[in-house]
Each structure stands twice: as structure tokens, then as C-alpha cells.
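A.B. asks: For the sequence shown, my numbering assigns the number 524 to the initial residue and increments by one for each residue that follows. The C-beta atom is built at its ideal place from N, Cα and C for all residues, glycine as well.
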Amino acid sequence: MFRLKSKSTLVISILIILILLISIISYTKFKNAGSISLKHISSIEIIINPQSTGKIVYTKDKNLKEIEEFYNAFKEAKPADNSLGTTHSHIVIINLTNGDKITVLGGTQGFQTVLMNGKQFNIKGDKLWNYFKQLNK
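(1) State the CB to CB distance for the pair H563 and L619, rounded to an integer number of angstroms; the pair is presumed to be in contact (CB under 8 Å).
(2) Cβ atoms of K583 and S560: under 8 Å apart, would you say?
(3) Would you grab the beta carbon distance between K601 and G648 for me? Rounded to a whole angstrom, and I think it's under 8 Å.
(4) When DSSP builds the beta bridges, which residues end up paired with V637?
(5) Taking DSSP as the reference, what is the three-state secondary structure of S560?
(6) Could you name the residues of the same chain whose beta carbon sits closer than 6 Å to that of K656, not counting the 5 residues immediately before and after it, in chain order?
(7) Can you name the start and end residues of the alpha helix (DSSP H) that N747 belongs to?
(8) Can you name the start and end residues of the beta strand (DSSP E) that I590 belongs to?
(9) Given a cut-off of 8 Å on the beta-carbon distance, is the pair A474 and K650 in contact?
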């Protein structure tokens, strides 16, 4: 009986540690994206429909308000379950002043997929979801 209790306690402890590690890793991935400052963004490109050839490009010197709107929504988003999928109807590419890019795929599903530094992860936030829904209009 004592061995069964100690084994159960050990299994539960290991599960809790694994869940905490997964949460920390997910948060750390997004924290790197969320730590981008507005001053590091040179422009954003919005591709409404990936099959189309058109896109909107906002530059900091001409469209600061539009960049701030997306940046604020992006910054507020939190990590989301990566098993949600990745099929989205819109793409926003954040061009950084150092030449790096962060790609945010979004649509009306309520979550977004971020591609950054060779990594892919999902995030979600009400403002960001509304931003992508607004692109459908």
C-alpha cells in the first residue's frame, strides 16, 4: 500500500513538472516575439489573401498609426495551444529594423500562428483576432 501511494505521488509530481515545463517553454517562445519594441519595427506588410498578388505595406514614417494598431494587438496576445492548426486566410509580415521578419498568420479562427527565427507557435488575443476579422471587410 505504501509503495502504491509513493508511486502515485511520484507520477503526479512528474506530470505537474512536465506541465509547468511545457507552459514555461510556450511562454518563453512568445515572450521573445512579444518583447519586440515598436522602435524595432520598420514596416508591416498585410496580405489579405495569400492567393492574391496584392498587399498593403505600412511604413513607420508614413503609417505609424496603422503599425501601432497592429503592434498593440500583437503585443497583448498570449500563447495558445499549438494543436489548433495553422490554416489562415491573412498574413502580416513585421519587418524589423535589423532585417529580421516575424510572420503572423491569422483569420477568423480566434488564434494566430507566428513564424519567427525558424520557430512556429500559436497565440491568441481579442484585439489581434478583431484585427484579422476586420481585414475580411
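C.D. replies: The structure says:
(1) 5 Å
(2) no
(3) 6 Å
(4) V627 and F644
(5) coil
(6) T631
(7) The displayed coordinates of the chain run from 524 to 660. Any statement about residue 747 would go beyond what the structure contains.
(8) Counting along the chain, I590 falls outside any beta strand (DSSP E), though it belongs to the alpha helix (DSSP H) covering L587 to E599.
(9) The chain is shown from 524 up to 660; residue 474 falls before or after that span and cannot be answered.
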